[in-house]
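Trainee: Pasting in a structure now, in structure tokens, and then I'll have a few things to ask.
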Amino acid sequence: MSEPALEDDDDEVDQLLTKHNGDAHAAIRTLLSEREFLMKKLHYACIAMGHGFARGWKPKTLTSRE
1 MSEPALEDDD DEVDQLLTKH NGDAHAAIRT LLSEREFLMK KLHYACIAMG
51 HGFARGWKPK TLTSRE
């Protein structure tokens, strides 16, 4: 597979920093908070997903410390 284009990432980074008035720490805090929210959603989905739904496969969830 080919690597995704990074130009789009630069635009997203610039938008994120602009949203936080150039404060990189605030931007990172927001990203970590959103990551934690998504990890909880994944955890709930794993609980709700039946064993036979994916033939026993479930995604490996990351701990918040990894």
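Just so it is clear: in the sequence shown, position 54 is 54 by the numbering used here, and no numbers are missing. Idealized CB from N, CA, C, for every residue including glycine.
1. Check M49 in the structure and name its three-state DSSP category.
2. Tell me the rounded alpha-carbon separation between R35 and R55.
3. Taking the straight line between their C-alpha atoms, what separation do you get for E12 and M49?
4. Indicate the three-state DSSP secondary structure (helix, strand or coil) for K41 in the structure shown.
Mentor: Checking against the coordinates, here is how it stands:
1. coil
2. 27 Å
3. Their backbone Cα atoms lie some 33 Å apart in a straight line.
4. The answer is helix: DSSP assigns K41 an H, G or I state.
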